[in-house]
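So the structure is just underneath, and the comments pick up after that.
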Amino acid sequence: MTKALPQSASVVVIGGGVVGCSVAYHLTAAGISDTVLIERKQLTSGTTWHAAGLVGQLRGSQNMTRLARYTADLYRDLESKTGQATGFKQNGSISLATTSDRFEELKRMASMAKVFDLPVHVISTDEVRERYPLITTDDVIGAIRIPSDGQTNPVDVTQAL
Numbered sequence: 216m217t218k219a220l221p222q223s224a225s226v227v228v229i230g231g232g233v234v235g236c237s238v239a240y241h242l243t244a245a246g247i248s249d250t251v252l253i254e255r256k257q258l259t260s261g262t263t264w265h266a267a268g269l270v271g272q273l274r275g276s277q278n279m280t281r282l283a284r285y286t287a288d289l290y291r292d293l294e295s296k297t298g299q300a301t302g303f304k305q306n307g308s309i310s311l312a313t314t315s316d317r318f319e320e321l322k323r324m325a326s327m328a329k330v331f332d333l334p335v336h337v338i339s340t341d342e343v344r345e346r347y348p349l350i351t352t353d354d355v356i357g358a359i360r361i362p363s364d365g366q367t368n369p370v371d372v373t374q375a376l
């Protein structure tokens with residue numbers, strides 16, 4: 216939809232991908248109603264449309280983990296707030312280790328997740344095999360599972376924002 220641009224605006228957001236739409240959404244939610252979003256073609260016509268839509272929450276710092284958790288919560292609640300489907304599914308994630316060094320790294324990540332108050336489970340090869348029977352576990356030493364991770368449809372999220 217093309218509208219005439221206003222003579223002025225408090226904020227102009229350039230780019231109608233998921234990030235630009237999120238910025239505009241949060242600005243208007245914060246009370247800055249004269250926010251203008253400018254997109255060259257149409258929403259999601261840049262890189263958003265081919266993003267995987269994975270919603271992982273564990274990051275390298277507590278602040279980034281908080282931001283990722285906020286994003287997961289937003290994606291989960293956005294459909295009920297806007298009426299636009301987002302395709303969000305909280306189906307969890309799993310990271311596999313095939314070397315002892317990688318398994319130690321995953322266990323450190325699990326410890327960090329617990330400090331960040333993010334639910335995480337260190338799981339054995341047997342549990343991987345039981346929970347995920349399609350995964351070949353011949354060389355798997357162990358894994359971590361984050362049940363609150365998920366996936367979404369980036370195009371639908373952008374439309375909802």
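Numbering-wise (the numbering used here), the sequence shown opens with residue 216 and increments by one. Quick reminder that beta carbons are idealized off the backbone N, C-alpha and C, glycines included. All values reported here derive from a predicted model rather than from experimental measurement.
With H, G and I counted as helix, E and B as strand and the rest as coil, what does DSSP make of residue i?
{"i": "S326", "result": "helix"}
{"i": "R255", "result": "coil"}
{"i": "S223", "result": "coil"}
{"i": "L311", "result": "strand"}
To the nearest angstrom, how far is the alpha carbon of residue i from that of residue j?
{"i": "S315", "j": "Y285", "result": "32 Å"}
{"i": "A224", "j": "L349", "result": "53 Å"}
{"i": "S295", "j": "P221", "result": "30 Å"}
{"i": "I253", "j": "T373", "result": "14 Å"}
{"i": "Q299", "j": "H241", "result": "17 Å"}
{"i": "V341", "j": "G268", "result": "One point to set straight first is that residue 341 is Asp, not Val, in the sequence displayed. One C-alpha to the other measures close to 29 Å."}
{"i": "T259", "j": "G275", "result": "28 Å"}
{"i": "V234", "j": "Y290", "result": "13 Å"}
{"i": "V337", "j": "V227", "result": "45 Å"}
{"i": "G232", "j": "T301", "result": "14 Å"}
{"i": "A245", "j": "S237", "result": "12 Å"}
{"i": "I309", "j": "A375", "result": "28 Å"}
{"i": "V343", "j": "T352", "result": "8 Å"}
{"i": "D292", "j": "A219", "result": "32 Å"}
{"i": "R255", "j": "T297", "result": "24 Å"}
{"i": "L311", "j": "G357", "result": "6 Å"}
{"i": "R317", "j": "I359", "result": "11 Å"}
Could you check where the alpha helix (DSSP H) with residue i kicks off and where it finishes?
{"i": "T243", "result": "V233 to A244"}
{"i": "V370", "result": "P369 to A375"}
{"i": "V343", "result": "T340 to R346"}
Would you say residue i reaches chain B, if we count a Cβ-Cβ gap shorter than 7 Å as a contact?
{"i": "T262", "result": "The question asks about chain B, but that chain is absent: this structure has only one protein chain."}
For the beta strand (DSSP E) containing residue i, list its first residue and its last residue.
{"i": "L333", "result": "Neither: L333 is in no beta strand (DSSP E) and is coded neither H nor E."}
{"i": "I350", "result": "Segment: none, I350 is in no beta strand (DSSP E) and carries neither H nor E."}
{"i": "G230", "result": "Per DSSP, G230 belongs to no beta strand (DSSP E) and is neither H nor E."}
{"i": "I361", "result": "G357 to I361"}
Using 8 Å as the Cβ pair cut-off and three pairs as the minimum, do the segment 310 to 326 and the segment 364 to 372 touch? no
Length-filtered (4 minimum) alpha helix (DSSP H) runs lying within the segment 261 to 303: 277 to 297
So, does the segment 273 to 285 touch the segment 331 to 345, judging by three or more C-beta pairs under 8 Å? yes
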